[in-house]
Each structure stands twice: as structure tokens, then as C-alpha cells.
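Contents: one structure, followed by commentary.
2 protein chains.
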Amino acid sequence: MATRSTIMDTNSFRAEHAAGLDANLRKLTDKRQKLLGESYRLFYRKPVHLVRGEGQYLWDAAGEKYLDVYNNVASIGHCHPAVIEAVHQQMQRLNTHTRYLHEAILDYSEALLATMPAAIDRAMYMCTGSEANDLAIRVARAYSGGSGIIVSQEAYHGTSELTSGVSPALGSGQPLAATTRLVPPPDRYRVNAPDLGTWFATQIQRQIDDMQAHGIKFAGFLADSIFSSDGVLPDPRGFLQQAIEVVHNNGGIFIADEVQPGFGRTGEAFWGFARHGVVPDIVTTGKPMGNGIPVSGLLAKSEVLAAFSDAIPYFNTFGGNPVSMAAAQAVLKVIHEEQLQEHSRVVGAKLLAELKTLMDKYDCVGDVRGAGLFIGFELVADRENKTPDKALALDVVEQLRDNHVLTSVAGPYGNVLKLRPPLAFQEQDIDWLVGALDRSLAALGR
Amino acid sequence: MATRSTIMDTNSFRAEHAAGLDANLRKLTDKRQKLLGESYRLFYRKPVHLVRGEGQYLWDAAGEKYLDVYNNVASIGHCHPAVIEAVHQQMQRLNTHTRYLHEAILDYSEALLATMPAAIDRAMYMCTGSEANDLAIRVARAYSGGSGIIVSQEAYHGTSELTSGVSPALGSGQPLAATTRLVPPPDRYRVNAPDLGTWFATQIQRQIDDMQAHGIKFAGFLADSIFSSDGVLPDPRGFLQQAIEVVHNNGGIFIADEVQPGFGRTGEAFWGFARHGVVPDIVTTGKPMGNGIPVSGLLAKSEVLAAFSDAIPYFNTFGGNPVSMAAAQAVLKVIHEEQLQEHSRVVGAKLLAELKTLMDKYDCVGDVRGAGLFIGFELVADRENKTPDKALALDVVEQLRDNHVLTSVAGPYGNVLKLRPPLAFQEQDIDWLVGALDRSLAALGR
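As they're listed, the protein sequences go chains A and B.
Numbering-wise, the first sequence is residues 1 to 446 according to our numbering.
Numbering-wise, the second sequence is residues 1001 to 1446 according to our numbering.
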């Protein structure tokens, strides 16, 4: 099984590269090594020192401009004025916790729940996706009476003890929980099956059976419906339906981790799960929700949530505070007003088509797939055997950096470029990105 | 053992009270019950609908002004202009994660570590105190090779699965982890021992021995050094020393949870542990760190942290981002410039003295104790037997609310008023608070 491709080996800065850096970068990397825990990793052999952001662009300390095709936190665009203004206004008025009454959390909950299937009718707020998934697993266990959680083989769901135990992407240093079971990625490019949905449902059933054989009662299936860490696996739409039926038939619940595909990202739907026509029991949100302000959410069917909240107290001090809610409300408003979901669909489709033209030019491009502005660009050593070429992918990431395009890799083999720009990415940015990719592959002799 | 006093039963609003509310409050409470998870609890039989804050004051929708003597998140004062400005400036420039270089996290780490003992030389950032404590326990386990964690009997350390399992304050609905052991509160008012330090160290050793008998290797002792949830237990300074020696002699580490006593709160020291003259192996921070912006930290000895971070990846998307760091840096600067630690010491001592005068007037005031602006005011049914009077404490909290003073209760019996105002609390606020307490006790016939 793959280890650490997504989380650890993304061209992280290593001390041996420090010698070649200019004085400013050297000073900052030295300080990091002196002051921060060793867990802190930098992207790139030559790290980027960013000082400014706007829309889809970032600038470094030397004034160089970069096209950001990686960061979905600044989902509606870096430094979006609507979020800045909403936060500034609310910070001047009040920022306190949810044990006093305040309109903001209620108005936002109404707006957010309105984007969900009617069955999902309750909202709770935390600060990070990890916190949302940690709570979601606890709710799943309280409701099902089981403990077993199924995730995909390269899944990443968070940094807490509980969520790390369901995050194989963290690699062999982080043991999975004894109650965790893995299913292989539903990867249409690599899985040879007449019907991906049937195949994937069978994989789920197999792991439920394995749990049962070990005396572990099944609690639920936790998945990011675009399988981001598994290499971005969007197709075919609807393939999740049979799997979710299996989950429900076995008494488990489906937790849709929308930290990656949510908030209009996939273009085809506001939520990733909706692309598949399934209704989750719990939805978790995070990264893009506040455009950088730490806010996350857990949305659930009331009967599922009640099993937990009737018994166990939960209070998140910062969660749902008026400033977080102001940021989240501004993000939601901008997505609607600027029609960013539709924008993601249209521009994403054009970008996907342009990227696919590189397949004609370079044999190393094995597959290009995506939904909206979330695209996986898979590099292989040879097309016939689909041999993953991780080294090439990492080299391309470095080349792209030199071409002032920021991105990173994903997938169990670390050979898939993850192209996930702020939704502010425009049609005119396509040439920059595709041109840079073209030059990078050419420069690497492909 | 006590259950749910601190977290659950703090006069939370219940549906049966809704009938008596005015239309606006009724509308908001109805909406909450419809939209939010049942875990959301309101303070007070008649909830407070807050719309504005400034310094130590809060205002409700009707324009009524309240003295806040409870909230330590807005530690340097509600809506402090320095934090508003720092966040606004940084939000206009850049807000992204720590895999690119940025000065803010480094400058802040230097400033923060400078307030710590030299042995604590590494910083990491998360978004909530729960995340910091969750990671701290994982680090303690990685370093010690053990799993057993000791906490105090009414401790509260967070909302994640791992931290909930070391939070007996959550009550019987939330099971403690099998590896958790509890020590009784080091309560000078109730414990009859010639030397509290020796007594407490003995309690720690007893639990380590019990772990050993169960085949559980000791990992560490996790404590808030002012024992906030146990009823605010600051005295005598230094009593923790023997306990920490026992912890170290048994191969465990000491995690100082500074979410409550940190950042100048106790007046006598910048950190709660420093009042006791001990050096923790890990320090966790949270609530007051960003004055409401979700930011928390884990500070540790590098050799302790390395045991974890060499093996296990950890990346917190929002943790340490430039906006969080700008807020945290502003808070630190204000504490120094406005000399809030000294302010807390001086004003806290005056407040404590005034509160103690109520002991002469009311027999029900069993004990008043504190450090800086963190005071416990304990109510008893009779002084001789020190019988806790929780019902009275809850009634006083409601009376105080009617006198426009906001606070709540703590302690295993829920009979201790927790007086922990923003550090912006001034000498001239003492009369309001003490007068309101006086009137409340008189009105309740004491």
C-alpha cells in the first residue's frame, strides 16, 4: 500500500536544499527549523515566500506573480473584499460564543441547510474539518451502536487522534485504528470492472463482512465523494449509489466529507455527494467555508444527531461565533451572486478539454479527469501498463513552480497533479496553466 | 462523583421557559431548536441576546448594558481595536497555510516562546484548545511509550474523541477512556491535609500505581494549573511542584493546559504553571490567544515533540495562518503595552478583598479565592460542614443576570461562581460586581 504520498512527500523542503537558497529564504527556513515543530513541511525544493494574494493570484516577496491552482481554502478568491468587509464589520460589533443568542448562526444555518437535501436539517459548527470529522465519527458510532469505519485506501480525514486513525494517507508512522477498514479507490482509470458502482459496492460489503468476522460492528462509511487524496476520482457520476445502499442495508451511516468537493467546487452540484444522487446521513464541511477564517460544520439528519447529542455534551468555544458566521455567510452569498458553481462548471470543462490536448503530445499523461475546477492530471511511465510515475509528477510540480504555477500531487502513488484553483480562476488563466504544464513536460524531456 | 456541573447544568435554557419570553427571544430560541443540534445550550432561564461588546461590557438587543465577568476569550477586552486592525490589515494582504514561507508565524513564535522557560523551544499552531490538547496527548504517548493520562476529577480538556475521554466534567454520558485516571481536586478549602502539595503528589502516585496494576504504562499528567473546572484552586502557590516531580520520576510528562490561566490571567505570572515554579514538557494554549479569532498552540521541549513529529505527519490547514498569527501577535502586544498582567494582579487583588467582605455578611459564602482576575466564589449551605449549595449558586447566577452581570458556575458540585472577566475589567467595575452579588444574596434571603 502507498504511504505518505499525499501528505508527506509533496516535494517538501529538506534541509539539504537550504545551502542553495538566497539570503531571505535561508533566513526564514532557518528560523522555521529553530522555532517550529518538525511536523512543519514546506512545499518545493526552493520554498515560496508569499506576501500577497488576490483572486487566483499570489505574489512573493520579490514581487513575482503566481497562478494558484492548488488552494481551495481561498475558494472564492484570495482576499475577497466581501469576506474582508463582513469580518471587519462583525469584529467591530461583537464576537462571542453560542451560549448567548445571536442571529448570525441562525441566519447562516437557514441558508446553508437550504442548499442540502431536506432530510439534513440540523447544523453544528466547529473550527476545522478535523473537528467536524472527529464529531461525525462519534455521532455515527452513537447512532449505529457500532465502531467500525470504512474509508478509502488513501483517505485523509483529519489531524485528531480519531480522524488520524481513519487517514491512511498519513502513512505507516500513523497506525490506523483497529476498527478502520479500507476500500481500494474507485478509480475508473485503473479498476477493470464493467460497472464501477457495482464493483465499489462489493468492496464495501467485503469490508463490512471482514469487520463482522472480527467482532466489530459496522458504524459507517466516511468518504470525500471526489476521492481527492485517492487521486481525484469523479467519474462516472452516480457510481456511489450502490455503495451507499450497501452501507444503509448493513445498518451503517454515510458521512460525506465535503471539505474538498463542497461549496460549488465540482460545478455540477453545490455538494459533491449531490453529483452522485445520494443523501448522506451526515455532511462535514471545512476548508472553503470561510475563505480562510477557521470555520467548519457538521450538518446531519436530526434523528442521527440526536443519538449523540441526547447523551453527550458538546460545546466548541469558537465554533459558530458571530465573526466566523459572518465570514461563512459572505462566502455563501458570493458563491450565489458571482454564480461560482456555474463558473466552475463552465471554466472547469474548458480547462479539462485543454489539459486533455496534452495527452496527444505527451505519452506520460495517462489520464486527465475532473469535475468543475477540481482536476486530476495523472502521469505514468508507460501508458499500456499505467505505471505511476511519481518522480516525474514531483519534477513537474517543481517545474510548474519555476513557471509560477502553484500546485501539488495526490493519489496512492503520488503521481497525480491535483489542480484545484480558487474558483476565481478565469478562462484567460487556462493558457498560463496549460502552457506552463506543456513547457514543464517538454523541459523534462517528455 | 460529580457529573455535568460545569458543562451541562449551568442554568441552561430549557424549552419549558420559552413561554415566558418576549417575542424576539422566543423567535430566536425557536429557531435554534429548529436549526441547531441539540447539543447547543443557552445560558440563563431568560437567555441573553447580545449584539455588541466593548472592553468588559456587553449590550443586548434592547440596549441594556452588562458587565462581563465570565468570558476569557475576549481576554484583552471585547472588540479590542488593536486586534480588529491587525486582522483587517492582514486579511487584505494574504491568508494562506504554512507550507509557504511567511514571517508572521516566525515572529509570533519568537515572541511567544520568549514568555516561556528556555527548555520550551518549539511551537505548533492549531485552531482550538481541543486540537492542542488532542495533539499534546498524542505527543505525550509517543514520547513516553505509555498511554495512561491523569487528569483532575472535574477536568475539562476538549471536545474531540481523545480529549473528551480525559474530560470527566462532561458527565456520565461521555465515558472516560480506559487509560484515564482521575485525581481529586487539590482543594485547600475541602482537603484536610497538613501539606496540600504532598497530599496531591500522593494522589498522583496512587493513580500511576493503579495504572501499572492494570498494565497501563503512564504517559503523563494533563492539568490546568488553576483547576478551573474543579472550582478555581490557585493556592498555595507552588503546591504543584511535588506532583510534577512524581510525574517525571515515573517517566511521564506534564502537559500544562493554559487555555484558562494563560496570557497574564493570574496576574502573578504570565503562565499559570509559572505561579507554581514548575517547567512543563508541553504547554497548550487556546481561548484568549487571539481574542476571539480561532487560534491555539502547542509549545514543547524539542526532544519531547520530536518523538511524535519524526514519525507522524501533522498539518493543520488553518493553524498558524497569517491572519491568526496577526491576531495573536496583537493580543501579545496589547498585554505587554497595557501591562495587563500587572493590571490583573492589582485589580484582581482588590476585587478579591472586596468579595471577601461578603463573607462577613453572608454565611453562605464559604470561601473566596483567586489569582489575578480569576476568582472562585464558593457557596455553601452551612459553613461548618461546607455543604455545597448548587441550587443557590444557580439562583445567584440568575440574579446576577438580572443585575446585568454575566457569569457562570464551576466545580464538582457546581456551587462555585467562576469570576473571570476580560482583563479590561477595571477597579471601578468592582462596585457593580460586588454590589450585584450583595443584592443577589440579599434578594435570595441569605
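Ideal Cβ placement from N, Cα and C applies to all residues, glycine included.
Bear in mind that the values here come from a model prediction, so they are computed numbers and not experimental data.
CA-to-CA distance, residue j to residue i, given in whole angstroms
i: A/Q203; j: B/D1395; result: 58 Å
i: B/E1110; j: B/K1301; result: 14 Å
i: B/Q1205; j: B/T1266; result: 28 Å
i: A/V347; j: A/L373; result: 7 Å
i: B/L1021; j: B/V1048; result: 11 Å
i: B/D1360; j: B/W1432; result: 19 Å
i: B/M1001; j: B/P1412; result: Its pLDDT being 35, under 50, B/M1001 is placed unreliably in this model, and the value from its coordinates should be taken loosely. Rounded to the nearest angstrom, the two C-alpha atoms are 8 Å apart.
i: B/L1441; j: B/L1176; result: 37 Å
i: B/S1324; j: B/H1097; result: 11 Å
i: A/M102; j: B/K1031; result: This sequence places His at residue 102 of chain A; Met is not what is there. Cα-Cα distance, rounded: 11 Å.
i: A/M126; j: A/E268; result: 27 Å
i: B/R1190; j: B/R1383; result: 11 Å
i: A/T3; j: A/G366; result: The predicted model places A/T3 with a pLDDT of 41, which falls under 50 and marks its position as unreliable, so this point remains unresolved.
i: B/D1224; j: B/V1279; result: 13 Å
i: A/P322; j: A/M289; result: 14 Å
i: A/E378; j: A/L358; result: 11 Å
i: A/A178; j: A/Q207; result: 13 Å
i: B/L1067; j: B/V1434; result: 11 Å
i: A/T198; j: A/P186; result: 10 Å
i: A/D209; j: A/A193; result: 21 Å
i: A/L28; j: A/P236; result: 45 Å
i: B/F1239; j: A/G319; result: 35 Å
Contacts around residue i, its chain only, beta-carbon distance under 6 Å, and the 5 residues preceding and following it disregarded
i: A/A82; result: A330 and V334
i: A/L340; result: G264 and L423
i: B/K1390; result: Y1413, G1414 and N1415
i: B/G1077; result: G1055, P1422 and A1424
Close-in-space but distant-in-sequence residues of the same chain around residue i (CB under 7 Å, 5 per side omitted)
i: B/T1407; result: V1069, Y1070, V1397, L1400, L1417, K1418 and L1419
i: A/H343; result: L423
i: B/V1304; result: V1139, Y1143, I1253, D1281 and I1282
CB-CB length for residue i against residue j, believed under 8 Å
i: B/L1454; j: B/L1058; result: What is shown of chain B runs 1001 to 1446, which leaves residue 1454 of chain B out entirely.
i: A/G370; j: A/L352; result: 5 Å
i: A/L233; j: A/I226; result: 7 Å
i: A/N291; j: A/A74; result: 6 Å
i: B/H1474; j: B/E1064; result: For chain B, the structure presents residues 1001 to 1446; residue 1474 of chain B sits outside this window and is missing.
i: B/I1255; j: B/A1136; result: 5 Å
i: A/Q153; j: A/V183; result: 7 Å
i: B/S1296; j: A/S39; result: Wrong, their Cβ atoms sit about 15 Å apart, outside the cutoff.
i: B/F1273; j: B/V1247; result: No, B/F1273 and B/V1247 are not in contact; Cβ-Cβ is about 12 Å, not under 8 Å.
Interface partners of residue i on chain A, CB under 8 Å
i: B/P1280; result: Under the 8 Å cutoff, chain A gives no residues; its nearest Cβ is about 16 Å from B/P1280.
i: B/A1123; result: L35, L36 and G37
Proximal residues of chain A, C-beta to C-beta of residue i below 9 Å
i: B/I1084; result: H88, M91 and Q92
i: B/Y1413; result: Within chain A, no residue comes near B/Y1413; the closest Cβ sits about 18 Å away, beyond 9 Å.
Chain-ordered neighbours of residue i on chain B, where CB pairs are closer than 7 Å
i: A/K217; result: Within chain B, no residue comes near A/K217; the closest Cβ sits about 17 Å away, beyond 7 Å.
i: A/G110; result: The amino acid occupying residue 110 of chain A in the given sequence is Glu; Gly does not appear at that position. In chain order: L1035.
i: A/Y314; result: S1039 and T1159
i: A/K287; result: T1317
Proximal residues of chain A, C-beta to C-beta of residue i below 7 Å
i: B/N1321; result: G292
i: B/R1032; result: L106
Cβ shell of residue i (< 8 Å), same chain only, five flanking positions each side left out
i: B/T1387; result: V1380 and A1381
i: B/D1134; result: G1158, S1160, L1162 and T1163
i: B/M1116; result: W1271, V1283 and L1299
i: A/I430; result: V347, K350, L351 and E354
i: B/A1326; result: A1086, V1087, Q1089, Q1090 and A1104
Residues that residue i contacts on chain D, provided the C-beta gap is smaller than 8 Å
i: B/T1096; result: Here chain D cannot be found, since the structure's protein chains are A and B.
Where residue i meets chain B, residues with beta-carbon distance less than 9 Å
i: A/H102; result: L1028, H1049, L1050 and V1051
i: A/A306; result: G1037 and E1038
i: A/E131; result: C1127, T1128, S1130, E1131, T1159 and S1160
Residue i: contacting residues in chain B (beta-carbon distance under 8 Å)
i: A/G171; result: P1313
Ordered list of alpha helix (DSSP H) runs contained in the stretch 13 to 78 of chain A, each at least 4 residues: 23 to 35
Alpha helix (DSSP H) runs wholly inside the stretch 290 to 377 of chain A, at least 4 long, in chain order: 302 to 309, 322 to 337 and 340 to 361
Segments of 3+ residues assigned as beta strand (DSSP E) that fall wholly inside the stretch 112 to 192 of chain A: 122 to 126, 148 to 152 and 180 to 183
Length at least 4, wholly inside the stretch 187 to 250 of chain A: the alpha helix (DSSP H) runs in chain order: 196 to 213 and 240 to 249
Beta strand (DSSP E) segments (min. 3 residues) lying fully within the stretch 83 to 107 of chain A: none
Every unbroken beta strand (DSSP E) inside the stretch 1387 to 1418 of chain B [3 residues or more]: 1408 to 1410
3-residue-minimum beta strand (DSSP E) runs that sit fully inside the stretch 261 to 289 of chain A, ordered along the chain: 282 to 285
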